[in-house]
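What follows is a single structure, written as structure tokens, with notes after it.
Numbering (this note's numbering), first residue to last: 101 to 566.
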């Protein structure tokens, strides 16, 4: 018999004995570790009343063991019975005044009650009493309190201190990125984590945090390298694969992104969400056939994944198979009707099929769903201008200005003014748009192809493109 099976049998026996004891009101004397195992079992099962009953029984039999008071207080804290938990901790303090877990748990409960200032007073007192012996535990609790106060600058420096004491403090490494993200201390985070890596080159969490700091500083190559090290060191670190893939996808490294998603799927899958991400990478690489093959298998495994249907639509759109593309885009919208890219894709299919009424409907829905994203308003306005629906285009331009900002919208205004014979206003807007991003001027020629012969406008574009 395996050791694990033997342990499970012992636990089952303990549970049965406890249930009998509750029924007969005559609990037997158990070893302390038996009580701890039972409390852990019931807590994992979500049976907090049972876990508390075991803790009460343990306190009766071992009334001078502070561990059981701490367990009971922790269970009450989880159930938001804060006043009772604090009362139990006062009893624990009278039994063991030098047990550091007692004031630390009290500080946590006070923080959860909304009294972080009182909790910090306890932390200051604990630092004086315990000094350096358990400083890393004290600092972690201090950081927890600072996070609750949204004091992310202090939280960062507190966790940095904890990591200087112990560079391998997993909890501090897991928490520090929250403080970096909100305090924007990216440069200091890079410096800290490089020092930590010097001390332990195999700290996967240090590499992971370093990758995120580099990413926020715009150093994407360094970021991807660091994120990649995180999962090369710990092959079971799923978040490392995912974040590396996401960043690679954002900066156009589609092969790298595909490989990360593929590796994650091999290790943690099969997972249809990962298949959808992989398909997106393949589509970006113009490998539509490979993407379609993968997606057609996945659609049977998960018929409720909207992204799988959407990317299948993209594959068929690339083949100019409008009917199939239409079918799969509609399926994706059936599952999630609030995705702007789905409505935009469906609108483009309807355009290809000559159904401009339905195309307009879905351009409008795309703009409403993604109202803060200028490109969906620009698509809608561009469609209206191409259809010479100038009155409605003007209304949509005004509406877009309320919700979104973008150079593409300014170019749409230029096109609108040119098409409605307001050239002076068009030239003013054109100068503004070219100063913002001259590379987007192609929008003008898509809407008004005859501008290729407009010497003045082409001259302005050349001037601002230099």
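In this text, a Cβ means the ideal position worked out from N, Cα and C, and glycines have one as well.
Taking a contact to require three or more Cβ pairs closer than 8 Å, the region 305 to 319 and the region 336 to 353 qualify as touching.
Residue state for residue 373 is assigned as helix, using DSSP reduced to three classes. At the C-beta level, residue 490 and residue 460 stay beyond 9 Å of one another.
Excluding its 5 nearest sequence neighbours in each direction, residue 289 has C-beta neighbours in its own chain below 6 Å: 280 and 313, listed in chain order. In the structure shown, residue 298 falls within a helical segment according to DSSP collapsed to helix, strand and coil. DSSP places residue 363 within a helical segment (H, G or I) once states are collapsed to three.
Assignment of residue 229 by DSSP, reduced to helix, strand and coil, places it in the helix class. In summary, residue 419 is exposed, with fewer than 16 beta-carbon neighbours lying within 10 Å of its beta-carbon over all protein chains present. Of the candidates 335, 189 and 357, 335 places its Cα closest to the Cα of residue 368.
Runs of the alpha helix (DSSP H) lying entirely within the region 182 to 231 and spanning at least 4 residues, in chain order: 182 to 195, 201 to 212 and 216 to 230.
Shown here for residue 265: same chain residues with a beta carbon closer than 8 Å to its own, the five before and five after excluded, namely 235, 236 and 239 in chain order. For residue 418, the uninterrupted alpha helix (DSSP H) segment begins and ends at 406 to 418. Unbroken alpha helix (DSSP H) runs of no fewer than 4 residues, entirely contained in the region 227 to 288, are found at 235 to 248, 252 to 265 and 270 to 283, following chain order. By the Cβ criterion, the region 222 to 231 is in contact with the region 200 to 207, since at least three pairs of Cβ atoms, one from each stretch, lie closer than 8 Å.
9 Å or more divides the Cβ of residue 536 from the Cβ of residue 503.
Each residue's CA atom was taken as its position, placing residue 554 and residue 474 some 27 Å apart.
Taking 9 Å as the cut-off, the beta carbon of residue 440 is found no closer than this to the beta carbon of residue 411. Residue 524 sits in a helix when the DSSP states are folded into three classes. Annotated as distal: residue 430 and residue 447, with beta-carbon spacing of 9 Å or more.
Between the alpha carbons of residue 539 and residue 179 lies a gap of roughly 57 Å. Collapsing the DSSP output to three states places residue 486 in a helix.
Within its own chain, the residues whose Cβ lies closer than 7 Å to the Cβ of residue 191, once the five positions on either side in sequence are excluded, are 169, listed in chain order. DSSP places residue 337 in the coil class of the three-state scheme, outside both helix and strand. With 16 or more other Cβ atoms inside 10 Å of its own Cβ, residue 226 counts as buried. Around the Cβ of residue 507, a 10 Å sphere holds 16 or more other Cβ atoms; the residue is buried. Between residue 331 and residue 371, the CB-CB gap reaches or exceeds 9 Å.
Comparing C-alpha distances from residue 462 to each of 445, 478, 452 and 453 shows the shortest one belongs to 445. The beta carbons of residue 512 and residue 466 sit no closer together than 9 Å.
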